[in-house]
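Numbering (our numbering), first residue to last: 1247 to 1384. Glycine is no exception: its CB is placed at the ideal position from the N, C-alpha and C atoms.
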């Protein structure tokens, strides 16, 4: 991937770390997976909505057509696995927004999901053991 530069000063326009751009360029992956990562690099560190990402990756306007949500999720999943090898991940917020983050970095408050109570905090009545047939055991 070639980083966009300012025509006047030659400085990089996007804020993605150059080492990320170089590492992605070395990865061997299909064009759609590469397109997903490149579009996320383009807007780094901001989020990109799923349907906007689909329009950019597939090169079509999905205003009146159903957009390929499941296909996009598949490409994102495969791209995510490749990014983990180089210490990056694709963060998802409620299956709507996507962004790149470095591994080990704590996500910001707005991107955290609601935490579930730990098992020890749940009431005894909420705990039901289930057999393999799916019926509560006595």
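Local conformation of residue i per DSSP, three classes
| i | result |
| --- | --- |
| residue 1332 | coil |
| residue 1292 | coil |
| residue 1337 | strand |
| residue 1310 | coil |
| residue 1324 | helix |
First and last residue of the uninterrupted beta strand (DSSP E) at residue i
| i | result |
| --- | --- |
| residue 1348 | 1343–1348 |
Beta-carbon proximity of residue i to residue j, cut-off 8 Å
| i | j | result |
| --- | --- | --- |
| residue 1396 | residue 1348 | Because the chain is modelled from 1247 through 1384, residue 1396 falls outside the range shown and cannot be assessed. |
| residue 1290 | residue 1346 | yes |
| residue 1315 | residue 1302 | no |
| residue 1280 | residue 1343 | no |
| residue 1266 | residue 1287 | yes |
| residue 1269 | residue 1332 | yes |
Span of the alpha helix (DSSP H) around residue i
| i | result |
| --- | --- |
| residue 1268 | 1264–1272 |
7 Å Cβ shell around residue i - same chain, five flanking residues per side excluded
| i | result |
| --- | --- |
| residue 1313 | 1297, 1300 |
| residue 1335 | 1326, 1329, 1347, 1349 |
| residue 1308 | 1297, 1300, 1301 |
| residue 1295 | 1342, 1343 |
Cutoff 8 Å: residue i Cβ touching any chain C Cβ
| i | result |
| --- | --- |
| residue 1266 | Although the question refers to chain C, the structure presented lacks it and comprises just one protein chain. |
Spatial neighbours of residue i in its chain, beta-carbon cut-off 6 Å, leaving aside the 5 residues before and after
| i | result |
| --- | --- |
| residue 1338 | 1344 |
| residue 1356 | Here the model assigns residue 1356 a pLDDT of 41, short of 50, so the residue's position is not dependable and the matter cannot be decided. |
| residue 1273 | 1328 |
| residue 1391 | A query on residue 1391 cannot be resolved here, the shown segment of the chain reaching from 1247 to 1384 and no further. |
| residue 1261 | 1290 |
| residue 1373 | Residue confidence is low: residue 1373 scores 41 on pLDDT, short of 50, so the model does not pin down where it sits. Its coordinate-derived value is still stated next. Once the five neighbours on either side are set aside, residue 1373 has no close Cβ partner at all. |
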